[in-house]
Amino acid sequence: MRKALSVLLTAAMASSLLAACGSSSAPAAAPAETKAAETQATTAAATEAVKEVTEAAKEAEAKGDTITVGFAQVGHESDWRTASTNSVQAALSKENGIDLQFVDCDNDSAAQLEAVRNFIQQGVDYIVIDPIVSTGWDTVLTEADDAGIPVIVIDRTIDDSDKYVSWVGSEFTNEGLAAGAWLKAYVADKGISEVNALVISGTTGSSAQIGRSNGFDKFVESEKWNKLDEQTGDFTQEGGQKVMESYLKSYNGKFNVVVCQNDNEAFGAIDAMKAAGVSYGVDGDVIVISFDACTAGLQKVLAGEINADFQCNPLQGPDCLNIIKKLQAGEKVDQKTFMAEPWYVAEDKLTEITYTNNSGKEVTEPLVHVDQAVVDAAY
Numbered sequence: 139m140r141k142a143l144s145v146l147l148t149a150a151m152a153s154s155l156l157a158a159c160g161s162s163s164a165p166a167a168a169p170a171e172t173k174a175a176e177t178q179a180t181t182a183a184a185t186e187a188v189k190e191v192t193e194a195a196k197e198a199e200a201k202g203d204t205i206t207v208g209f210a211q212v213g214h215e216s217d218w219r220t221a222s223t224n225s226v227q228a229a230l231s232k233e234n235g236i237d238l239q240f241v242d243c244d245n246d247s248a249a250q251l252e253a254v255r256n257f258i259q260q261g262v263d264y265i266v267i268d269p270i271v272s273t274g275w276d277t278v279l280t281e282a283d284d285a286g287i288p289v290i291v292i293d294r295t296i297d298d299s300d301k302y303v304s305w306v307g308s309e310f311t312n313e314g315l316a317a318g319a320w321l322k323a324y325v326a327d328k329g330i331s332e333v334n335a336l337v338i339s340g341t342t343g344s345s346a347q348i349g350r351s352n353g354f355d356k357f358v359e360s361e362k363w364n365k366l367d368e369q370t371g372d373f374t375q376e377g378g379q380k381v382m383e384s385y386l387k388s389y390n391g392k393f394n395v396v397v398c399q400n401d402n403e404a405f406g407a408i409d410a411m412k413a414a415g416v417s418y419g420v421d422g423d424v425i426v427i428s429f430d431a432c433t434a435g436l437q438k439v440l441a442g443e444i445n446a447d448f449q450c451n452p453l454q455g456p457d458c459l460n461i462i463k464k465l466q467a468g469e470k471v472d473q474k475t476f477m478a479e480p481w482y483v484a485e486d487k488l489t490e491i492t493y494t495n496n497s498g499k500e501v502t503e504p505l506v507h508v509d510q511a512v513v514d515a516a517y
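In the working numbering, the protein residues as written are 139 to 517.
#1: Looking at the strands, I want to know which residues DSSP matches up with Pro504.
#2: Report the CB separation of Glu443 from Tyr418 in whole angstroms; it is logged as a contact under 8 Å.
#3: Can you tell me whether Ser308 is helix, strand or coil according to DSSP?
#4: As an exercise, report each continuous alpha helix (DSSP H) stretch of at least 4 residues that is fully enclosed by the segment 267-320, in chain order.
#5: If you reduce the DSSP assignment to three classes, tell me which class Phe257 lands in.
#6: Please work out which residues of its chain come closer than 6 Å, Cβ to Cβ, to Ala249, disregarding the five sequence neighbours upstream and downstream, and give them in chain order.
#7: When you compare each of Thr311, Asp372, Ile338, Gln369 to Arg350 by their alpha carbons, which one comes out closest?
#8: Out of Glu233, Thr342, Lys392, Ala319, state which residue places its alpha-carbon closest to the alpha-carbon of Ile427.
#9: Would Val397 and Val439 qualify as a contact pair, given that the criterion is a beta-carbon distance under 8 Å?
#10: Do you know whose CA, among Glu215, Ala516, Asp293, lies nearest Ala457's CA?
#11: Which of the three DSSP states is assigned to Val439 in this structure?
#12: Less than 8 Å between the CB atoms is what I'm expecting for Asp447 and Gly455, so what's the real figure, rounded?
#13: Let me know the secondary structure DSSP gives Leu519 once reduced to three states.
#14: Starting from Asn402, trace the alpha helix (DSSP H) both ways and give me its first and last residue.
#15: Would you mind giving the Cβ-Cβ distance between Ser272 and Ile296, rounded to the nearest angstrom? I have them listed as a contact below 8 Å.
#16: Measure how close the beta-carbons of Val212 and Asn256 come, nearest whole angstrom, since I'm counting them as under 8 Å.
#17: For Ser222, count the other beta carbons within 10 Å of its own beta carbon; 16 or more makes it buried, fewer makes it exposed. Which is it?
#18: Between Val395 and the rest of its own chain, which residues show a CB-CB distance below 6 Å, the 5 nearest in sequence each way excluded?
#19: With DSSP collapsed to three states, give me the class of Trp363.
#20: For Thr223, report the span of its alpha helix (DSSP H) as first-last.
#21: Just list the residues that DSSP pairs Ser339 with in beta bridges.
#22: Ignore the nearest five residues each way along the sequence and tell me which others in Leu315's own chain have a CB closer than 8 Å to its CB.
#23: Tell me where the alpha helix (DSSP H) around Gln379 begins and ends.
#24: What's the gap between the Cα of Glu376 and the Cα of Glu403?
#25: Using DSSP's beta-bridge definition, name the partner residues of Asn334.
#26: Alpha carbon to alpha carbon, what distance is there between Ser231 and Leu238?
#27: Can you name the start and end residues of the beta strand (DSSP E) that Val513 belongs to?
#28: For Lys365, I'd like the list of residues in its chain whose CB is within less than 7 Å of its CB, leaving aside the five on either flank, ordered along the chain.
Structure (structure tokens):
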């Protein structure tokens, strides 16, 4: 471990970097504008903190004090994934004293395990993993632990091992619960008495898929909605389009809700419905729900093609950098860091939703009505 670099960097970062994308401490019932502003402010704080350490990092690098980090990313299947990769690469950069070894695992679990083992053999200082699936990790993480290499997990979770130092990501079940709570309030406001839903889920076995499905299904059960089918689109636009084309053959005219577990799947589903002459979105026959809330997704919300989009914040790079600097300095790090995430809607009739979250707490959270300013501020 390169301690000299940490001495230079930690003091500059301690006051502000953890706030970026990191906590959900904002009051649940804050106005939508306030929550959106706070999210932008914390991201700006992280960016500023990274700038502050750059000069010190350059000096340390000139002395040979560079930290080596291996990053095993899921792949490049979506706009969200691209934003996540860019965030980590920007934060764990040469300018910040990091030699980042990046592997795009192309949604191949075996390739990801091999990438992590290669990092261990190379003797990197830290490993960052966004796990494709949530199980099958205990052996390789034990190998990393035995080698004395701290592992940081981002985005998706690992369920069969605790041999990592910290996790940074989203509460996927709450995303699914929020989508269900919004749909319940929305159909009541519209006077829609029957919900017949089709779900295009994410990669089967990923924690994002499991959480979003489980959360939404709680409302399916409690509200006695009819979930006609659920098939995976693997978080890709092509997958979303293929599943929707299949659904249109089997359920044409029988559904009024499509739930897509990320924006790219929603783009594919929209293309398929448009080609089939099915009306969707605001004032259409089919309500479209999505997750991620990337820039292109929010553009669809603004255009009225997606009714509601539940953000999954991908900007985890600054948190990874902060965790590494704290470990370098011998400091304790949080075991879990949850990203700040707003819920976005195309219409302004509903301003908030109330539901019981995955921790068993009743929360009331604002809905952010999308305008051009919201789109311009998106990732």
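We treat Cβ as the ideally placed atom computed from N, Cα and C, and that holds for glycine.
In this text the structure is predicted, and so the values were computed from the model without any measurement.
Reading from the atomic positions:
#1: Beta-bridge pairing links Pro504 to Glu490.
#2: 7 Å
#3: coil
#4: Qualifying alpha helix (DSSP H) stretches, in chain order: 276-284.
#5: helix
#6: Apart from sequence neighbours up to five positions away, the residues of its chain that approach Ala249 with a beta-carbon distance below 6 Å are Cys243, ordered along the chain.
#7: Thr311
#8: Ala319
#9: No.
#10: Residue identity differs from the one stated: residue 457 is Asp in this sequence, not Ala. Ranking the options by Cα distance to Asp457, first place goes to Asp293.
#11: helix
#12: Contact flag wrong, Cβ pair sits at about 22 Å.
#13: The structure shown does not extend to residue 519, since the chain is modelled only from 139 through 517, so no value can be given for it.
#14: 401-414
#15: 6 Å
#16: About 17 Å; that fails the 8 Å criterion.
#17: With 16 or more other Cβ atoms within 10 Å, it is buried.
#18: Val333, Ala335, Ile425
#19: coil
#20: From DSSP, the alpha helix (DSSP H) with Thr223 extends over 217-229.
#21: Partner(s): Thr370.
#22: Gly353, Phe354, Lys356, Phe357, Tyr493, Thr494, Asn495, Asn496
#23: 375-389
#24: 7 Å
#25: Asn364
#26: Rounded to whole angstroms, the gap between the alpha carbons of Leu238 and Ser231 is 7 Å.
#27: For Val513, no beta strand (DSSP E) segment is defined; the enclosing uninterrupted segment is the alpha helix (DSSP H) at 510-514.
#28: Ala335, Val337, Val358
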